[in-house]
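Position in the sequence shown counted from 1, then plus 1119, gives you this note's numbering. Right, one structure below, let's go through it.
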Amino acid sequence: MKRWRADPTEENFWGVVLVYAGVKFKTYSGLPFSYEIKKGRNGEYTKELWIDRREKSKSLAWSSVLLALGNIKGKVVERPKALGDIRGVTYIYGMFYRFGLIDVPDEVKEKIGHPKDHKK
């Protein structure tokens, strides 16, 4: 996060997302999830996050994450839809909170915990 905060480029933010792959997050409603990023045939990471919430994984496009990133208007984000009408925004909301990009209302913190309480 330090590198991204000093130089907020897409490439540096991608580095943050890679570091947090496999880490436990919680959605707005407190449901646990993690994500992984697979490598393509060329050996490079695909720009797709695979959300592991239940038996079946859901894909989350990198473009959706960037769209939500551009929609952060203030420090406190009341609910996921405030980041935009984006597929998978409830997962993005939990990720952004854990990354320290946004803050959430106190009643949401009760459901998803405080980022400093989570271990990476």
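Backbone N, C-alpha and C define an ideal beta-carbon position, used for all residues, glycine too. Quick caveat, the model's predicted, so the values are computed rather than measured.
Subject >> Buried versus exposed, by CB contacts within 10 Å (16 or more), K1238 >> reply: Position 119 of the sequence shown holds residue 1238. Bear in mind that a pLDDT of 47 at K1238, under 50, signals an unreliable position, so the model cannot answer this.
Original post:
Is there contact here, the segment 1190-1197 with the segment 1148-1162, by at least three beta-carbon pairs under 8 Å?
Top reply: no
Original post:
Do D1171 and Y1154 have their C-beta atoms within less than 8 Å of each other?
Top reply: In the sequence shown, counting from the first residue as 1, residue 1171 sits at position 52. In the sequence shown, counting from the first residue as 1, residue 1154 sits at position 35. Their beta carbons are under 8 Å apart, which means D1171 touches Y1154 by this criterion.
Original post:
On the premise that F1144 lies in contact with F1152, defined as a C-beta separation below 8 Å, what is that separation, rounded to the nearest angstrom?
Top reply: For the purposes of this step, residue 1152 is taken as residue 33 along the sequence shown, with counting starting at 1. For the purposes of this step, residue 1144 is taken as residue 25 along the sequence shown, with counting starting at 1. That belief holds up - the Cβ atoms of F1152 and F1144 are roughly 6 Å apart, short of 8 Å.
Subject >> Status (buried if at least 16 other CB within 10 Å, exposed otherwise) for S1182 >> reply: Position 63 of the sequence shown, counted from the first residue, corresponds to residue 1182. That one is exposed.
Original post:
How many Å lie between Y1164 and D1126 at the Cα?
Top reply: Position 45 of the sequence shown, counted from the first residue, corresponds to residue 1164. Position 7 of the sequence shown, counted from the first residue, corresponds to residue 1126. Their backbone Cα atoms lie some 22 Å apart in a straight line.
Original post:
Between the C-alpha atoms of L1186 and K1228, what's the straight-line distance to the nearest angstrom?
Top reply: Residue numbering aside, residue 1186 sits at position 67 when the sequence shown is read from its first letter. Residue numbering aside, residue 1228 sits at position 109 when the sequence shown is read from its first letter. Going by the C-alpha atoms only, they are around 24 Å apart.
Original post:
With 16 as the cutoff for other CB atoms within 10 Å, does L1179 come out buried or exposed?
Top reply: Within the sequence shown, numbered from 1, the residue matching residue 1179 stands at position 60. So L1179 ends up on the buried side.
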